[in-house]
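Enquirer: Would you mind keeping the following structure in view while I ask a few things?
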């Protein structure tokens, strides 16, 4: 799992904004898929005087609510093993990884037999449980509420109080959590063949047991696995990971390297983004960046992130296939052409 | 239900992953358990050039650049190890011997282990920074080996094993691995990796495990030049302990623990602040704490409790019966503690008889006055939060050197007397006393234990023969922390490649001309002191058709040449300012820029940043424009030349007329400023006249101020104010401005009571305007200098002006008290001040000439820069003054007969007084014992600031008295210290 990623370098590293990238590496997805990638909303946290924002900065935020899950922790100036600034000494990150390495990823499916689909996923010390129920008929109240937007998926995230360093009482109205749920729901909706299930709903319950960075990415991956387990038709896996940059915005270090799969400590100190892609393609279906970062670094970060998503897809695919093979062995299902055929990465039948 | 638990063995990667678990408590007292992953790998290279396996699998960054292999294939060896050695110091070796590792003659090819780096960081941040500096230097070949991330060298803490033991074990394991790893190389000569440590137990364990190890001491003894190098090792606790008394034999009270201090401070029982030593009495200090308006006094060695000037300390207020008034007596350390023996530094007479006597007398005196209620609260130091120790310059006290030391090579303890009077004597252990005597030395303080009377330090390097010009100049640069090393190559690489041949491009299509105004046809001239090479500013004025005037200030466009964040910019931001010494200038920017390409020299075209006003004939600003421009200065005047040309009515050309207009307007501007309440303050400024060839000082003159001085000053002030407004408008959070806080009333208490009793003059200080007026009225018809004297004294009561970032203060706090301006910045001298350069960049962004790079907009970073600038600015001033003082001494030394000069009494003590001699700008102390021998009987009247002497000499000295003094250069035989000495001739 410590396999190095092949970096994708845009030949025109100087192009200003990636959406205008002349190589069209990342622009092959439609606008709707980019709905989370927005330019500055009217009211970011700091007042946008010429001081804080100018035309060279992309100030990316999904919405302006923040500050609940991560930002309360007294991050800095504690006894750390060498901090993130020592990367330049030996090209090692705080936890001993190289710039292009994922953390250990462990996943299981069908962890709860009572549910229609379930999964358990660990990315480093971030641990997420997912349970999928459905498709079921929409309740009358749901039908009323969502008459305008006929969303198939219903995503629900609960974060355990013991999941982070400081014990925190889970709150229902946490804007940040509902924002993550919205992001997951919107992006998965695109991948699921919703037209097959009119007037139905599929509920995805995600439980966060432990947090150590890349939370949103883990939620995506766990949800995808559980959906596959539940047998919901999807066009491909939706896999996600984070990517960051080795030095902070203010350091203005031009030689900054992109980083793959940040842990919590890195997330607190460095700029990072979460990217989700559809299967093995470069189709970005969610991109969330809440930190300030020089636009010149963004492209490299995105390239590494997309590449990381492909690695994650391979890993998840292996989990599914192993489980499938085991089920055949146990005689739970009959051997069919689909499972047996399958070393082709891009078979979409699940 | 399925169980999700996996057995550890089922995961093939389990052995590659470890977790680091530790518990910490937050500021609020919450306990947190932190768990971190740690990936163990096998591809961390050993970085030795002989290792072909590591070279093959070298890690690369995102741009595919490999890391450098630093350890040489032929490291220096020793007799027992002819194949060479790679050194692996442990934490103590680095903490005690950092100066050794920085030496140029030895200590190459060093492997710093990650555990060691972490430990150093936890123990001492300054040392950590020096160590990181070493690992970055290219020629020293230091490599940081991340042993905690390498599978083979990772060590798990055993149950009940202490963290230190575990770390030591990790070091031994790493050394062992290194040796076995290198043994597999094909090279013929395979260097040995040895551990350097100062820990006896560690050495023993290493022997047992067959890990090659040395003590630092043994290793250094085997090197050439061992005697010099051995002195560089700090006195470690282990070796010092043998000579010291048994524990419990404390001379000083123990310091409180950090948590006890913090609790006390929080509860308001203890107070935290910066400890300042009195200039005249080394046994008295004061500390300003937020809880009280006036500083607390700290008296006596025991109460000072090992605090050194500048330390951040915690104090406890003493009970009221121990309150005293600040001393009225001069106590100098050398005089009181003269013939102490450095070796016998025992506690038998902790507070020596003489010290006790000196204090006793004082207490007697204050006891009587205390009843009248002049006593002030006193305090004692209970703990030190942060030491402000730096490297100190000084010389060995010859009286502390024994006979043996003068000849032999025996290790000996000697005293070092620092140049800075506020720093106590430092005990120094050395083997080379004979060489060190009579030299200026650089030393550091290592520690100050509670059972040692003086701090213990070690020798760093010798600056040269005392009183040689080079050594004295270098020592004052070191003492004021001025960066004086030549610019490194990386900085010089940022200069334009054309060098001195750089010209303003003739082709207006050139990039340099974009958005630049062509002002070459304006009649611009510069006015500066004689011999000025770095011409920052030039001026012009011309009448407009509507009866108004166009006035322009043109400032060298340094930001065109110094781009943000390159090596030159970083270096300049560290230097902060150019430092002017009498015979030397320490530049902020390389000379090519400072004196040529940026300097607005006459007759050539230069890039400039111009501020152009339209002014009415009453000097009201009607309009202001900022623009980058190209100018051609017509003439570079000195102040005198400019004055002569203006006064010469036969000159009627446009240039002279323009200067006359400027002068006329500047007078009006000045009047307006004065009406608004600007202060004209004063400090004794003198000028050293040098012999042109030998640059030996021959005479001292006070500086003369001409109208043209004030002409330039007024327009520079106006430009600074205009720019400040503009950049604040554009960058309300990050504009770099300069403020001058209103001084607290209490600062003037002493001066105003002195003025009232001695001269019957009321000093009002409710506003700058009131102060300006009362300063104007503080005159003595018989004594024209009296007013200047008061201004000098008032200046000393002021706060110092400071740079700041606009977002850190509320708008009313921006005010510049001295200039009576609401907002102010520095814009007009970018060649010699970094703040001006920042203002240039911000102004350029404000007029949309070019955008600011992000780091120039980050407030945190700007705050750090302004903090450094304030520090550098103050130090530069101090260094400049110290240099003048040194040369005044030299000039006096050249005279055959001692000069007799007029002076004024600035301060009166019970056993002496301070005299200021305006002609030389020096202050001197005259003690009673200098008046006559035997010492005259003094009667001190603190109410009237009078000292009446009788007996051997009848004289009454009162504050502000004019006296005739004999000023001469003097070397104190005992201490070898040279300074100005004064003798009282008579009262005038």
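Residue numbers (the UniProt record's numbering), protein chains in the order written: chain A, 1 to 350; chain B, 1 to 988. The beta carbon of each residue, even a glycine, is placed where N, CA and C say it ideally should be. Values in this document were obtained by computation on a predicted structure and should not be read as measured data.
Determine the chain A residues that contact residue 40 of chain B at a beta-carbon separation under 9 Å, and present them in chain order.
Expert: Looking up residue 40 of chain B in the second chain gives position 40. Per Cβ cutoff of 9 Å: 96.
Enquirer: Between residue 92 of chain A and chain B, is any beta-carbon pair separated by less than 8 Å?
Expert: The count along the first chain starts at 1 and reaches residue 92 of chain A at position 92. By this cut-off, residue 92 of chain A is an interface position.
Enquirer: Kindly confirm or deny that the stretch 722-738 of chain B and the stretch 771-787 of chain B touch, where touching means at least three C-beta pairs closer than 8 Å.
Expert: Short answer: they don't touch.
Enquirer: Taking only the alpha-carbon atoms, compute the straight-line gap between residue 260 of chain B and residue 27 of chain B and give it to the nearest angstrom.
Expert: Numbered from 1 along the second chain, position 260 holds the residue referred to as residue 260 of chain B. Numbered from 1 along the second chain, position 27 holds the residue referred to as residue 27 of chain B. So the two alpha carbons sit approximately 14 Å from each other.
Enquirer: If you follow the alpha helix (DSSP H) that residue 992 of chain B is in, where does it begin and where does it stop?
Expert: Because residue 992 of chain B is not part of the residues shown, which for chain B are 1 to 988, the question remains open.
Enquirer: Output, in chain order, the set of chain A residues within a Cβ distance shorter than 8 Å of residue 152 of chain B.
Expert: Residue 152 of chain B sits at position 152 when you count from the first residue of the second chain. Result: empty, since nearest Cβ-Cβ is about 13 Å, beyond 8 Å.
Enquirer: Taking C-alpha atoms, which residue in B:760, B:798 and B:514 lies nearest to residue 629 of chain B?
Expert: For the purposes of this step, residue 629 of chain B is taken as residue 629 along the second chain, with counting starting at 1. When each option's Cα is compared against that of residue 629 of chain B, the closest is B:514.
Enquirer: Roughly how many angstroms lie between the CA atoms of residue 613 of chain B and residue 624 of chain B, to the nearest whole one?
Expert: Numbered from 1 along the second chain, position 613 holds the residue referred to as residue 613 of chain B. Numbered from 1 along the second chain, position 624 holds the residue referred to as residue 624 of chain B. If you take the alpha carbons of residue 613 of chain B and residue 624 of chain B, they lie about 4 Å apart.
Enquirer: State the beta-bridge partners of residue 941 of chain B as determined by DSSP.
Expert: Along the second chain, one-based indexing puts residue 941 of chain B at 941. Residue 941 of chain B is bridged to B:946.
Enquirer: With distances taken between CB atoms, is the gap from residue 827 of chain B to residue 709 of chain B smaller than 8 Å?
Expert: Residue mapping note: residue 827 of chain B aligns to position 827 of the second chain, counting from 1. Residue mapping note: residue 709 of chain B aligns to position 709 of the second chain, counting from 1. No, Cβ-Cβ distance for residue 827 of chain B and residue 709 of chain B is not below 8 Å.
Enquirer: In this structure, does DSSP put residue 320 of chain B in helix, strand or coil?
Expert: Numbered from its first residue, the second chain carries residue 320 of chain B at position 320. Note: residue 320 of chain B maps to helix in three-state DSSP.
Enquirer: Which of helix, strand or coil does DSSP assign to residue 598 of chain B?
Expert: The sequence position of residue 598 of chain B within the second chain is 598, counting from 1. It is coil, neither helix nor strand.
Enquirer: For chain B, find out if any of its Cβ atoms is closer than 8 Å to the Cβ of residue 263 of chain A; answer yes or no.
Expert: On the first chain, position 263 is the one that residue 263 of chain A refers to. Yes, residue 263 of chain A counts as interfacial toward chain B.
Enquirer: Given a threshold of 16 other Cβ atoms within 10 Å of its Cβ, counted over all protein chains shown, does residue 506 of chain B qualify as buried or as exposed?
Expert: Here the question's residue 506 of chain B lines up with position 506 in the second chain. Label assigned to residue 506 of chain B: exposed.
Enquirer: Does DSSP classify residue 264 of chain B as helix, strand or coil?
Expert: Here residue 264 of chain B refers to the residue found at position 264 when the second chain is read from its first residue. Helix, per DSSP.
Enquirer: I need the boundaries of the alpha helix (DSSP H) containing residue 560 of chain B, first residue and last residue.
Expert: Position 560 of the second chain, counted from the first residue, corresponds to residue 560 of chain B. Taken as a continuous stretch (DSSP letters only), the alpha helix (DSSP H) holding residue 560 of chain B covers 558-561.
Enquirer: Using the three-state DSSP reduction, which class does residue 993 of chain B fall into: helix, strand or coil?
Expert: Here chain B covers residues 1 to 988 and nothing more, so residue 993 of chain B does not appear.
Enquirer: Starting from residue 957 of chain B, follow the beta strand (DSSP E) in both directions and report where the run begins and ends.
Expert: For the purposes of this step, residue 957 of chain B is taken as residue 957 along the second chain, with counting starting at 1. Segment 955-958, the beta strand (DSSP E) holding residue 957 of chain B.
Enquirer: Check this for me: beta carbons of residue 794 of chain B and residue 751 of chain B, under 8 Å apart or not?
Expert: Working through the second chain from its first residue, we reach residue 794 of chain B at position 794. Working through the second chain from its first residue, we reach residue 751 of chain B at position 751. The answer is yes: Cβ separation under 8 Å.
Enquirer: Give me the Cα-Cα distance between residue 64 of chain B and residue 86 of chain B, rounded to the nearest whole angstrom.
Expert: Taking the first residue of the second chain as 1, we reach residue 64 of chain B at position 64. Taking the first residue of the second chain as 1, we reach residue 86 of chain B at position 86. Near 28 Å, if we compare the C-alpha coordinates of residue 86 of chain B and residue 64 of chain B.
Enquirer: Whole angstroms is fine: what's the gap from residue 134 of chain B's alpha carbon to residue 140 of chain B's?
Expert: As a first step, residue 134 of chain B is located in the second chain; it is residue number 134 there, counting from the start. As a first step, residue 140 of chain B is located in the second chain; it is residue number 140 there, counting from the start. About 7 Å.
Enquirer: Where do the N-terminal and C-terminal ends of the beta strand (DSSP E) with residue 233 of chain B fall, by residue?
Expert: Along the second chain, read from residue 1 onward, the residue named residue 233 of chain B stands at position 233. Looking at the DSSP string, residue 233 of chain B is not in any beta strand (DSSP E), and its letter there is neither H nor E.
Enquirer: Who are the neighbours of residue 62 of chain B on chain A, taking C-beta pairs under 7 Å?
Expert: As a position in the second chain, residue 62 of chain B is number 62, starting the count at 1. Those are 7, 99, 257, 258 and 300, listed as they occur along chain A.
Enquirer: For residue 242 of chain B, which residues of its own chain have a beta-carbon under 7 Å away from its beta-carbon, when the five flanking residues on both sides are left out?
Expert: Counting from one through the second chain, the residue named residue 242 of chain B turns up at place 242. Any answer about residue 242 of chain B is weak, because its pLDDT of 40 lies below 50 and its placement is not dependable; what the coordinates show is given next. Once the five neighbours on either side are set aside, residue 242 of chain B has no close Cβ partner at all.
Enquirer: If you run the structure through DSSP and keep just helix, strand and coil, what is residue 631 of chain B?
Expert: Locating residue 631 of chain B in the second chain gives position 631, counting from the first residue. Reduced to three states, the DSSP call for residue 631 of chain B is strand.
Enquirer: Residue 436 of chain B and residue 462 of chain B look like a contact to me (Cβ under 8 Å); what is the Cβ gap, rounded to whole Å?
Expert: On the second chain, position 436 is the one that residue 436 of chain B refers to. On the second chain, position 462 is the one that residue 462 of chain B refers to. About 7 Å separates the two Cβ atoms, so the contact holds.
Enquirer: Ignore the nearest five residues each way along the sequence and tell me which others in residue 216 of chain A's own chain have a CB closer than 6 Å to its CB.
Expert: Locating residue 216 of chain A in the first chain gives position 216, counting from the first residue. Closer than 6 Å at Cβ, skipping near neighbours: 180 and 274.
Enquirer: If contacts are defined as beta-carbon pairs under 8 Å, then residue 831 of chain B and residue 558 of chain B qualify, I think. What distance do you get, rounded to the angstrom?
Expert: Numbered from its first residue, the second chain carries residue 831 of chain B at position 831. Numbered from its first residue, the second chain carries residue 558 of chain B at position 558. That pair is a contact at about 6 Å.
Enquirer: If distances are taken between C-alpha atoms only, which option among B:811, B:678, B:741 and B:712 comes closest to residue 776 of chain B?
Expert: Position 776 of the second chain, counting from 1, holds the residue named residue 776 of chain B. Out of B:811, B:678, B:741 and B:712, B:678 has the C-alpha closest to the C-alpha of residue 776 of chain B.
Enquirer: Could you confirm whether any beta carbon from chain B is found closer than 8 Å to the beta carbon of residue 295 of chain A?
Expert: On the first chain, residue 295 of chain A is found 295 positions in, with the first residue counted as 1. No, its Cβ sits nowhere closer than 8 Å to a Cβ of chain B.
Enquirer: So the beta strand (DSSP E) residue 652 of chain B belongs to, where does it begin and stop?
Expert: Residue mapping note: residue 652 of chain B aligns to position 652 of the second chain, counting from 1. Note, residue 652 of chain B: premise wrong, no beta strand (DSSP E); not H, not E.
Enquirer: Relative to the C-alpha of residue 237 of chain A, which residue among A:191, A:204 and A:244 is closest?
Expert: Along the first chain, read from residue 1 onward, the residue named residue 237 of chain A stands at position 237. The shortest C-alpha separation from residue 237 of chain A is found at A:191.
Enquirer: Count the other CB atoms within 10 Å of the CB of residue 933 of chain B; is the residue buried (16 or more) or exposed (fewer)?
Expert: For the purposes of this step, residue 933 of chain B is taken as residue 933 along the second chain, with counting starting at 1. Burial call: exposed.
Enquirer: Out of B:917, B:898, B:542 and B:296, state which residue places its alpha-carbon closest to the alpha-carbon of residue 521 of chain B.
Expert: Here residue 521 of chain B refers to the residue found at position 521 when the second chain is read from its first residue. Nearest of B:917, B:898, B:542 and B:296 to residue 521 of chain B, Cα basis: B:542.
Enquirer: With DSSP as the reference, please indicate the residues paired to residue 518 of chain B in a beta bridge.
Expert: Locating residue 518 of chain B in the second chain gives position 518, counting from the first residue. Residue 518 of chain B pairs with B:630.
Enquirer: Relative to the alpha-carbon of residue 189 of chain B, which residue among B:782, B:311, B:48 and B:811 has its alpha-carbon at the smallest distance?
Expert: Position 189 of the second chain holds residue 189 of chain B. Minimum Cα distance to residue 189 of chain B is reached at B:48.
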